[in-house]
Structure formats: structure tokens, C-alpha cells
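Enquirer:
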Amino acid sequence: MLKPIALAALFATLAMPAFAGTGLLEPSLKMPVSKVQAKGASVRVAITLDACMGKTDFRILNTLVQEKIPATIFVTARWLKHNSDALAILMAHPDLFELENHGENHIPAVDKPVSIYGIAAAGSEQAVVQEVEGGRQAILAATGRQPQWFRGATAKYTNTSMTTINQLGERVAGYSINGDGGSLLGSAITAKHIASAKDGDVVISHINQPTHEAGEGVVKGLLALKARGVTFVRLDDPAFNPPSN
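Note that our numbering has the sequence shown beginning at 1, numbered continuously upward.
As C-alpha cells, this is what we get:
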């Protein structure tokens, strides 16, 4: 088991609004905005894309490569097993892509028996550990690198399951803009959501639904941000990793 990370670093940029009446939490994450940022400095936006299971949306992946847009990709063990071609592209561009942990089987990392959007949660601390560790081990085997961030299926947790994830050495990755509504939104509204990003925003969308309209919207939104002169950052950027005291 990895050593727990500093709690101050874990919660430095996290806010945890309650998820209506269920006791679940949906963390938000933003990059701290520098108080001394120079006038006219570039807007910084973090693009995070979930690869839950199934296939790869090469509309998005090819755009990221062609336009040289850095992104953090959250992959499950299930996705890694069936997308070796996409993984090869990700690994061939370490300057662009950071791979992080989306779990073993895309099971919500919630330690009580609930259903979230029709998906049965892990249901116990032991099952949360298996989901996190199974994903970590798959990433380590595929890349040789230990993931530093975890985002569970549905991006919802309990306080205690987030503590468990922290104790396993990973930080919970929230977001501030839901770009594609779980890849269920149309192209135009997805593009609008992503293009609206402001300095410090963390965008979540999906890269595993090549037949959905949302993927086209992700591409349009990314290109709109680039046209604005946005600086794209990953979650391994120093701004997301404040030094511990």
C-alpha cells in the first residue's frame, strides 16, 4: 500500500458539495488562480477525459495530437485491455498525455450499497480498495508509472471513501465544468460548455464514446479554447500540487 499523501495537499483545491439528499459528495476541482498573474497572461484550463470502457473516440484523440493539446486521461483497467492502439498513441506522446486512475471495473467508489445513475456502487471499504488498487495496478503494468489521481465512476463518493482513496496514495479528481454530461449531450451544447472555460477551470468529458454526438462537441470546444489562446495544463502541473508544510 502506498503512503498516505498530505491532507493539506489533498484538500487544497477541493470543495465538496452534497449530492441532493443521498449523503454522497461530488468534489469540485479548480486550479488556484495566482494573485500575481500578469495582466494579459494566458487563461489556463485543464482538460480531463474519462476512458470508462468500450472503445476510443479517435475524433478527440487525433485532435489532441494534431493540435498538440495536453490532457489528463482517466483510464480503467477494462478500457486498457481493449484499446492497445489508443494506448500506444498516448504512450508515444508523453509531452501531451498524463494517464490517471479511473478504477478497475468502472464501479462507483462509494462504500455503502447504493445505486448511482443505475450503477451499483462498490458498497464497502474493501470493494473501494479493490476498485482503486485494480485500476492502479493496471496502469502501472501498462505504463510503468504510478497514478497520482483517482476519479471514480460517476465522480461521487462518501467522506469515508475519499479518505480510503487518500490512504491509498491518490488524490480525488473533481472538476469545475461538466463538458459533455456523461457523453449524453449534443454536439452544440457540449462545445458551448467547454468553450466557456475560464482561468483555472477543470473540464470533464469522455473519450470512449465514438458514436455519440458529444464527441464532436468536445472537438469543437477544444478548438474554440485553442483559438482563444488558452494554455492547456494537466493535473501534474505544479499548480495542482502545492508543497506540503
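For each residue, glycine too, the CB sits at the ideal point set by N, CA and C.
Using only the alpha-carbon positions, how far apart do T72 and E213 sit?
Expert: Going by the C-alpha atoms only, they are around 21 Å apart.
Enquirer: Which term fits L24, buried or exposed, when burial requires 16 or more other beta carbons within 10 angstroms of its beta carbon?
Expert: buried
Enquirer: Could you name each continuous beta strand (DSSP E) segment of 3 residues or more that falls completely within the stretch 87–131, going from the start of the chain to the end?
Expert: 97–101
Enquirer: Looking at the secondary structure, which residues open and close the alpha helix (DSSP H) in which T164 lies?
Expert: 159–167
Enquirer: Enumerate in chain order the residues of its own chain whose CB-to-CB distance from T158 is below 8 Å, with the five nearest sequence positions on each side excluded.
Expert: G23, L24, L25, V110, D111, K112
Enquirer: Shortest alpha-carbon distance to I247 belongs to which of K156, A155, D201?
Expert: No statement about residue 247 is possible, as the shown extent of the chain runs from 1 to 245 and does not include it.
Enquirer: Alpha carbon to alpha carbon, how far is D57 from R228? Give it in angstroms, no decimals.
Expert: 24 Å
Enquirer: Quick one: measure Cβ to Cβ for G217 and G186, integer angstroms, because I've assumed they're closer than 8 Å.
Expert: 7 Å
Enquirer: Verify whether the separation of the beta carbon atoms of R234 and P70 is less than 7 Å.
Expert: yes
Enquirer: Could you spell out where the alpha helix (DSSP H) holding I189 opens and where it closes?
Expert: Going by DSSP, I189 is part of the alpha helix (DSSP H) stretching over 187–195.
Enquirer: Rounded to the nearest angstrom, what separates W149 and R44 at their Cα positions?
Expert: 19 Å
Enquirer: Measure the Cβ-Cβ separation of K219 and P27 and say whether it is below 7 Å.
Expert: A small fix is needed here, since residue 219 is Val in this sequence, not Lys. With respect to P27, V219 sits apart: the two C-beta atoms are not nearer than 7 Å.
Enquirer: Using a 10 Å radius around the Cβ and a threshold of 16 neighbouring Cβ atoms, would you call V230 buried or exposed?
Expert: buried
Enquirer: With distances taken from CA atoms, which of F97, L184, L225 is nearest S42?
Expert: L225
Enquirer: Can you tell me which residues form a DSSP beta bridge with I73?
Expert: Beta-bridge partners assigned by DSSP to I73: L49, L99.
Enquirer: For the candidate residues V75, L168, P238, whose alpha-carbon lies nearest to that of I139?
Expert: V75
Enquirer: Where do the ends of the beta strand (DSSP E) carrying T154 lie?
Expert: Run containing T154: none; DSSP gives neither H nor E here.
Enquirer: Taking 7 Å as the threshold (C-beta atoms), are N105 and R136 in contact?
Expert: no
Enquirer: Does DSSP classify V43 as helix, strand or coil?
Expert: When DSSP states are grouped into helix, strand and coil, V43 belongs to the coil group.
Enquirer: Under a three-way DSSP split, which group does N62 fall into?
Expert: helix
Enquirer: With 16 as the cutoff for other CB atoms within 10 Å, does T211 come out buried or exposed?
Expert: Exposed is the call here.
Enquirer: Rounded to the nearest angstrom, what separates T163 and H102 at their Cα positions?
Expert: 17 Å
Enquirer: E100: which of Y117, V203, G152 sits nearest, CA to CA?
Expert: Measuring from the Cα of E100, the nearest candidate turns out to be G152.
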